[in-house]
Amino acid sequence: MEAPRTVEDVFDNFSARRDGLIKALTTDVEDFYAQCDPDKENLCLYGNPDGTWEVQLPAEEVPPELPEPALGINFARDGMQRKDWLALVAVHSDAWLMAVAFYYGAKFDGKE
549 MEAPRTVEDV FDNFSARRDG LIKALTTDVE DFYAQCDPDK ENLCLYGNPD
599 GTWEVQLPAE EVPPELPEPA LGINFARDGM QRKDWLALVA VHSDAWLMAV
649 AFYYGAKFDG KE
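Converting from the sequence shown to this note's numbering requires adding 548 to each position, the first position being numbered 1.
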């Protein structure tokens, strides 16, 4: 995956990742819920720049290439009401989207 080179690229990246996260939390919520098994390791919800989503373990490289989403979203799943858990994941996902956008934006020199 190539890093965004323009402000417009950062916005497109943000929008596509956001679309993927929204899909996970709405249209694909049953599949998303099933993938977040509390008996698994620390899982993260990733919105991908192609508009898809995935539940994965965090990146193994240190430091990671991008800011990491909230770690361990699966642990609280069965200890909360479903709508409250989904709202919590959504809040963490919003914060992660902003972190990724600012990570890319910080690399610009002000002329973009």
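Ideal Cβ placement from N, Cα and C applies to all residues, glycine included.
{"Query": "Measure the beta-carbon distance from ILE621 to CYS592 and round it to whole angstroms, keeping in mind my assumption that it falls under 8 Å.", "Result": "7 Å"}
{"Query": "Can you give me the C-alpha to C-alpha distance between ALA502 and ASP657, rounded to a whole angstrom?", "Result": "Past the boundaries of the shown model lies residue 502; the chain is included only from 549 to 660, so the question cannot be answered."}
{"Query": "Considering only the alpha carbon of each residue, which of VAL648, LYS655 and PHE562 lies closest to PRO612?", "Result": "VAL648"}
{"Query": "Does GLU602 come out as helix, strand or coil in the three-state DSSP assignment?", "Result": "strand"}
{"Query": "At what residues does the beta strand (DSSP E) containing LEU593 begin and finish?", "Result": "592–595"}
{"Query": "Which first and last residues belong to the alpha helix (DSSP H) in which ARG566 is found?", "Result": "555–573"}
{"Query": "Quick one: residues in its chain with C-beta nearer than 7 Å to the C-beta of GLY653, no 5 flanking neighbours on either side, listed in chain order?", "Result": "VAL558"}
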